[in-house]
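**Student:** I have a structure I would like to understand better, so I am pasting it below and will then ask my questions one at a time.
In the UniProt record's numbering, the protein residues as written are 1 to 677.
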């Protein structure tokens, strides 16, 4: 008869021993036992847990091997919003930031913590009673995806912490999940060998890995984690640096590269120190994060609508390389724009191997005098695809061939057109050009538009290739083809049911996102919000003239002409009618915001820059609900230019030349002090 108490003790002992060995190996770089012995203990624990699953520990080291299948990732609201940081490429901006901190702290002494900005995926981890219980991505800063099973596979991340008297029972750790450069390079080499498209950079690779449904595949990608922030419901530490030291003491991975700086000069020294040395690190970095160290001082400085006032990110200038231009490929986008992409001899650049680069349009090809076979200069900053910035004319080979821009669409052979004043050639065959139709569908189901669960870009592209759909309205006819869909490879009953549920849920998506999802040229998220708020229904938008549309704040003539032209097309009206018939939201629900006062009647405003007390959208609401109007351009008819931080000099100069008064956010709020939000 099996001694169950002995089994339970054995499982507990193996769990604790393996956790300890993992910590020694990944945190202290100490290998206390041979790999073979470690694997033997791990397999023994796996076998015991299979036989006696009721005794498996919640944070067993066997979970790092993966094997859990997650069909979809639920979302969760962050207890503490994950705000983005203001960033700059300028040392002058850092000095201005330091001056703002000085003013905000009214002469008190302060220090900065400088940390390397690792290029990965921001992650929020929750520990309860020392156990890792949840991992949530940044998402939109308010809500993120719960990826706990995948996070558990990260071997440098402790599933349970060392006990400590200063460790709260419940707290959050913020940090960066990243893919080491060696892993990234190996992964791309494997993909190239298999004929698969290469991953653009380690950040995208880490992000995509965290969204894999099979945690065993996640484990194989060997992601890593660095902690950079501690959060709890009370102030447990006086300074950020003390919190970092505690996190490391508890067993969490904290990079040793951070430094305490007593002045902005020391901050700049730290930046210069890592300018070139960062490329010697095994992980991609793209800048330095500077934070006020004292947590009380952080509270005193507070936040703007989008970012903390006590922190800023400095980003290093783009890295450049030199390589040979092999050929030009032409891609057709959603709006018909034909974009050239350069194929290059592989060149190492900023921690990755670059094989492709953007050339933007025909104008740039002509301006650079690009020729096939040229040695070109390639630059890579934060862009996914690097860009060609110049040609080494002294190295131009005698047989370098001038580039003849295509006159017909590379996808459908329709003659290209180039509208007056535009840089791109376009394919006008929007009803019959496959890449345009497919891209429109992918845009409609994308996260920022309808965000249809179970219908991602790959699936909808596959349906298009099979002839199942051509327009967004066809998606809502898919339930009628259920038997056909369930028999497709890699789909099946559960996937189809999830897709149908996602289509039903998409009928509740707000009108402004539907309008964005229609893919009207020049209508981005902000313009879609403005049009939806102004007209409230699709019928009102379809019935508006170009002149009426242009009067809507932030729309303007070019966008208005595009919307009016789109609305006149019978095929687009038919698309709208079919979507309405399917139940998709084509009007705003709820009542329109009520006016607060008429204090700004007959006044017109332009907002520019970043504001301290309110977001730009909130200030726009304040102006409109108090009777004012918004404009996107400066003219003699403008009443006021409202200037925030980082407003461009061109607008200030134009307003000054036209004698338009320039006011600040505080001045605007004073004008509506009895009627503002």
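Virtual Cβ for every residue (Gly too), placed ideally from N, Cα, C.
Can you tell me which of the three DSSP states residue 522 falls into?
**Tutor:** Sequence index remark: in the chain shown, residue 522 carries index 522 (1-based). Three-state DSSP puts residue 522 in coil, outside helix and strand.
**Student:** Span of the alpha helix (DSSP H) holding residue 546?
**Tutor:** By one-based count along the chain shown, residue 546 stands at place 546. DSSP places residue 546 in the uninterrupted alpha helix (DSSP H) bounded by 546-550.
**Student:** Does the region 182-192 come close enough to the region 165-173 to have 3 or more Cβ pairs within less than 8 Å?
**Tutor:** no
**Student:** Note down, in chain order, each residue of its chain lying with its Cβ closer than 6 Å to the Cβ of residue 410, except the 5 sequence neighbours on either side.
**Tutor:** What you label residue 410 is simply residue 410 of the chain shown in a count that begins at 1. Result list for residue 410: 330, in chain order.
**Student:** Assuming contact is defined by CB atoms lying nearer than 8 Å, are residue 696 and residue 472 in contact in what I supplied?
**Tutor:** Nothing can be reported for residue 696, as the shown portion of the chain is limited to 1 through 677.
**Student:** Roughly how many whole angstroms lie between the Cα atoms of residue 605 and residue 550?
**Tutor:** Here the question's residue 605 lines up with position 605 in the chain shown. Here the question's residue 550 lines up with position 550 in the chain shown. Computed Cα separation, rounded: 16 Å.
**Student:** Starting from the N-terminal side, write out each stretch of the alpha helix (DSSP H) that is 4 residues or longer and does not extend beyond the region 105-167.
**Tutor:** 148-151
**Student:** Buried or exposed for residue 5, please, with buried defined as at least 16 other CB atoms from any protein chain shown within 10 angstroms of its CB.
**Tutor:** On the chain shown, position 5 is the one that residue 5 refers to. Around the CB of residue 5, fewer than 16 other CB atoms lie within 10 Å, so the residue is classed as exposed.
**Student:** Alpha carbon to alpha carbon, how far is residue 360 from residue 278? Give it in angstroms, no decimals.
**Tutor:** In the chain shown, the residue the question calls residue 278 occupies position 278. In the chain shown, the residue the question calls residue 360 occupies position 360. The straight-line gap from Cα to Cα measures roughly 30 Å.
**Student:** For residue 43, is the classification buried or exposed, using 16 other Cβ atoms within 10 angstroms of its Cβ as the cut-off for buried?
**Tutor:** Along the chain shown, one-based indexing puts residue 43 at 43. Result: exposed.
**Student:** For residue 658, does the count of other Cβ atoms within 10 angstroms reach 16, so buried, or fall short, so exposed?
**Tutor:** As a first step, residue 658 must be located in the chain shown, where it is residue number 658. By the neighbour-count rule (16 or more Cβ atoms within 10 Å), residue 658 is not buried but exposed.
**Student:** Bridge partners for residue 331 per DSSP, in chain order?
**Tutor:** Sequence index remark: in the chain shown, residue 331 carries index 331 (1-based). Residue 331 is bridged to 339.
**Student:** Should residue 689 go down as buried or exposed, given a rule of 16 or more other Cβ atoms within 10 Å for buried?
**Tutor:** Lying before the first or after the last residue shown, residue 689 is absent from the chain, which here runs from 1 to 677.
**Student:** Helix or strand or just coil, what does DSSP make of residue 208?
**Tutor:** As a position in the chain shown, residue 208 is number 208, starting the count at 1. DSSP, read as helix, strand or coil, puts residue 208 in helix.
**Student:** What span of residues does the beta strand (DSSP E) with residue 377 cover, start to end?
**Tutor:** Counting from one through the chain shown, the residue named residue 377 turns up at place 377. It spans 375-380 - the beta strand (DSSP E) in which residue 377 sits, taken as one unbroken run.
**Student:** Determine the burial state of residue 738: buried for a count of at least 16 other Cβ atoms within 10 Å of its Cβ, exposed for fewer.
**Tutor:** Lying outside 1 to 677, the shown extent of the chain, residue 738 is not represented and no answer is given.
**Student:** For residue 176, which residues does DSSP report across the bridge?
**Tutor:** Position 176 of the chain shown, counted from the start, is the residue given in the question as residue 176. BP columns for residue 176 point to 122, 226.
**Student:** For the alpha helix (DSSP H) holding residue 539, just list the boundary residues, first then last.
**Tutor:** Position 539 of the chain shown, counted from the first residue, corresponds to residue 539. Here the alpha helix (DSSP H) through residue 539 covers 538-542.
**Student:** Pull up the distance between the alpha-carbon of residue 304 and that of residue 644, whole angstroms please.
**Tutor:** What you label residue 304 is simply residue 304 of the chain shown in a count that begins at 1. What you label residue 644 is simply residue 644 of the chain shown in a count that begins at 1. Put simply, the backbone Cα of residue 304 is about 12 Å away from that of residue 644.
**Student:** With distances taken between CB atoms, is the gap from residue 308 to residue 89 smaller than 8 Å?
**Tutor:** Here residue 308 corresponds to residue number 308 of the chain shown, with the count starting at 1. Here residue 89 corresponds to residue number 89 of the chain shown, with the count starting at 1. No, these two residues do not count as a Cβ contact at 8 Å.
**Student:** Helix, strand or coil, according to DSSP, for residue 69 in the structure here?
**Tutor:** On the chain shown, position 69 is the one that residue 69 refers to. The predicted model places residue 69 with a pLDDT of 46, which falls under 50 and marks its position as unreliable; any figure quoted below should be read in that light. DSSP places residue 69 in strand when its eight states are reduced to three.
**Student:** Just list the beta strand (DSSP E) runs in the region 389-438, keeping only unbroken ones of 3 residues or longer that don't cross its boundaries, in chain order.
**Tutor:** none
**Student:** Can at least three beta-carbon pairs, one atom from the region 287-296 and one from the region 235-245, be found at a separation below 8 Å?
**Tutor:** yes
**Student:** Who does residue 169 pair with in a DSSP beta bridge?
**Tutor:** Counting from one through the chain shown, the residue named residue 169 turns up at place 169. DSSP output for residue 169 lists no bridge partner at all.
**Student:** What are the start and end residues of the alpha helix (DSSP H) that includes residue 504?
**Tutor:** Locating residue 504 in the chain shown gives position 504, counting from the first residue. Counting along the chain, the alpha helix (DSSP H) containing residue 504 begins and ends at 492-506.
**Student:** With distances taken between CB atoms, is the gap from residue 641 to residue 608 smaller than 8 Å?
**Tutor:** For the purposes of this step, residue 641 is identified with residue 641 of the chain shown, where counting begins at 1. For the purposes of this step, residue 608 is identified with residue 608 of the chain shown, where counting begins at 1. For residue 641 and residue 608, yes; Cβs fall inside 8 Å.
**Student:** Pairs of beta-carbons, one from the region 150-165 and one from the region 208-222, closer than 8 Å: are there three or more?
**Tutor:** The region 150-165 and the region 208-222 touch, with no fewer than 3 CB-CB distances between them shorter than 8 Å.
**Student:** On the criterion of 16 or more Cβ atoms from any shown chain inside 10 Å, does residue 98 qualify as buried, or is it exposed?
**Tutor:** The sequence position of residue 98 within the chain shown is 98, counting from 1. Its Cβ being crowded by 16 or more others within 10 Å, residue 98 is buried.
**Student:** Return the CA-CA distance between residue 167 and residue 116, expressed in angstroms with no decimal places.
**Tutor:** Within the chain shown, residue 167 is the residue found at index 167, counting from 1. Within the chain shown, residue 116 is the residue found at index 116, counting from 1. When rounded, the distance between both Cα atoms is 25 Å.
**Student:** Please report how far the alpha carbon of residue 497 lies from the alpha carbon of residue 515, in whole angstroms.
**Tutor:** Looking up residue 497 in the chain shown gives position 497. Looking up residue 515 in the chain shown gives position 515. If I take the Cα positions, the gap works out to 26 Å.
**Student:** Can you tell me the Cβ-Cβ gap for residue 324 and residue 299, rounded? I've got them flagged as a contact below 8 Å.
**Tutor:** Along the chain shown, one-based indexing puts residue 324 at 324. Along the chain shown, one-based indexing puts residue 299 at 299. The C-beta distance from residue 324 to residue 299 rounds to 55 Å, too long to fall under 8 Å, and the pair is not in contact.
**Student:** To the nearest angstrom, report how far apart residue 380 and residue 212 are at their CA atoms.
**Tutor:** For this step, residue 380 is matched to residue 380 along the chain shown. For this step, residue 212 is matched to residue 212 along the chain shown. Taking the Cα positions, residue 380 is about 27 Å away from residue 212.
**Student:** Just list the residues that DSSP pairs residue 287 with in beta bridges.
**Tutor:** Within the chain shown, residue 287 is the residue found at index 287, counting from 1. Residue pairing by DSSP places residue 287 opposite 117, 315 in a beta bridge.
**Student:** Would you mind reading off the limits of the alpha helix (DSSP H) that contains residue 619?
**Tutor:** Against the chain shown, residue 619 aligns to sequence position 619. 616-625 is the extent of the alpha helix (DSSP H) around residue 619.
**Student:** May I ask you to report which of helix, strand or coil DSSP gives residue 8?
**Tutor:** Counting from one through the chain shown, the residue named residue 8 turns up at place 8. Residue 8: helix per DSSP, three-state reduction.
**Student:** From the DSSP output, read off the bridge partner residues of residue 640.
**Tutor:** Here the question's residue 640 lines up with position 640 in the chain shown. DSSP lists 605 as partners of residue 640.
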